[in-house]
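One structure is given below, encoded as structure tokens.
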Amino acid sequence: MILINQESNSLKMANDNTVNSKVVDIIGMGGHAAVVSDILELNNFLIAGYYADKEPDRDHPRIKAWRGDIQYLKLNTMSFNFKSKTQLWICAIGNNEVRRRIVNFVAQGWGKTIYPPHFKWITAIHPRSIISKSATIGPGTVVSAGAIINARAVIGQHCIINSGAIIEHHTKIGDFSHIAPGSVLCGHVIIGQNCLIGAGTTIIPKISIADNVTIGAGSTVIQNITEAGTYIGSPINRRLVTIDKTDT
Ligand SMILES: CC(C)(COP(=O)(O)OP(=O)(O)OC[C@H]1O[C@@H](n2cnc3c(N)ncnc32)[C@H](O)[C@@H]1OP(=O)(O)O)[C@@H](O)C(=O)NCCC(=O)NCCS
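Okay, structure coming up:
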């Protein structure tokens, strides 16, 4: 965990041997990556390039719309074919599980040989979000426009706190979880890792949700959820499937 207001110090560190302390590489080229690009540009970052999950058609207008260099990231083999010197990175993949696998891959091996010095996952915080000074936000996490993170909330690493989501005081969000737009998580809620809390969900105070849980859009959670799976209803009244994400 890092305090968000420590990011500027880290940027200064990264600047020790680089020309520009606010150059970032983005993994992903989907809708979430577009949002993350916007947030970073609003924070005056320069985007060096993107990593796509397939060889991009560089003449296609949609591809041309992306600024910066584009490289091919082979997701199936987890092979990065780049020689980036960029020190600041963000994994802007919306799918929690894919994001987790890429981040873990980077942590486990890729870095040993070709990590640039001072490699760092950065946070992307929209300037029009509201974040308590007593909240903590882990590296790699994205906070979108209009999100509110209240006092002493603890947000893990590589999470997505999406547009207009409200994370109330003392609530904890596990690593790689996504709180979708417009969700309201009341005080002292605990969300596990790799969870998707669907758009517009309400969770009453002091509820705990296990790892690898998906809550359907528009649900209301009034009881703890202790097993992985997909749950729907307002209040929750149905479990759709069990998701086993323990393989890697
Ligand atoms: C819950 C969810 C994951 C289920 O997806 P799925 O496994 O593909 O399920 P299906 O669409 O096949 O629907 C299965 C059943 O659940 C119902 N259902 C699906 N989502 C529901 C929801 N959010 N609320 C109530 N019922 C829902 C369907 O009507 C269907 O009912 P039936 O069996 O009686 O016909 C998905 O509908 C959802 O809500 N995802 C969250 C999306 C979101 O907020 N993303 C954030 C983007 S920023």
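For what it's worth, the working numbering labels the leading residue of the sequence shown as 1056, then goes sequentially.
Backbone N, C-alpha and C define an ideal beta-carbon position, used for all residues, glycine too.
Measuring straight from C-alpha to C-alpha, what distance separates residue i and residue j?
i     : j     : result
L1251 : V1276 : 13 Å
K1227 : G1284 : 20 Å
G1229 : I1157 : 17 Å
L1295 : A1272 : 13 Å
A1208 : K1261 : 13 Å
H1181 : I1222 : 15 Å
C1241 : K1077 : 35 Å
F1160 : R1154 : 10 Å
G1247 : S1263 : 8 Å
A1200 : R1113 : 30 Å
K1233 : G1193 : The question names Lys, yet the displayed sequence has His at residue 1233. Using only the alpha carbons, I get a separation of about 13 Å.
N1267 : N1151 : 9 Å
I1270 : A1220 : 14 Å
L1143 : I1081 : 9 Å
Start and end of the beta strand (DSSP E) containing residue i?
i     : result
A1088 : Where A1088 is concerned, there is no enclosing beta strand (DSSP E), although the alpha helix (DSSP H) it sits in stretches over G1086 to L1097.
N1292 : I1291 to R1294
I1082 : V1078 to I1082
T1269 : V1268 to I1270
Tell me which residue opens and which closes the alpha helix (DSSP H) that residue i is part of.
i     : result
V1153 : N1151 to F1160
I1287 : Taken as a continuous stretch (DSSP letters only), I1287 belongs to no alpha helix (DSSP H), being part of the beta strand (DSSP E) at G1284 to G1288.
I1177 : I1177 -> no alpha helix (DSSP H), and no H or E assigned at all.
I1118 : P1116 to K1119
Around the Cβ of residue i, are there at least 16 other Cβ atoms within 10 angstroms (buried) or fewer (exposed)?
i     : result
H1115 : exposed
I1102 : buried
Y1286 : buried
A1162 : exposed
N1292 : exposed
Q1278 : exposed
N1099 : exposed
K1175 : buried
Figure out for me which residue from the options has the closest Cα to the Cα of residue i.
i     : options                       : result
V1198 : G1085, S1076 and L1097        : L1097
S1289 : P1260, T1281 and T1256        : T1256
W1121 : N1292, S1092, W1176 and N1099 : S1092
S1190 : A1200, H1224 and K1175        : The question names Ser, but residue 1190 in the sequence shown is Ala. Of the listed residues, the one whose Cα sits closest to A1190 is H1224.
A1265 : S1274, G1253, T1281 and A1254 : T1281
S1238 : N1217, K1188, E1110 and R1117 : N1217
G1211 : S1184, I1177 and A1200        : I1177
V1090 : I1258, T1196 and F1174        : T1196
Assuming residue i contacts residue j (C-beta within less than 8 Å), just tell me the rounded distance between them.
i     : j     : result
I1094 : A1179 : 4 Å
C1146 : G1104 : About 14 Å; that fails the 8 Å criterion.
D1087 : G1149 : The amino acid occupying residue 1087 in the given sequence is His; Asp does not appear at that position. Indeed they touch by this definition, with Cβ atoms about 4 Å apart.
N1205 : S1184 : That pair is no contact at about 12 Å.
Regarding residue i and ligand 3, is the C-beta to nearest heavy atom distance less than 7 Å?
i     : result
L1295 : As for ligand 3, it is missing from this structure, which binds only ligand 1.
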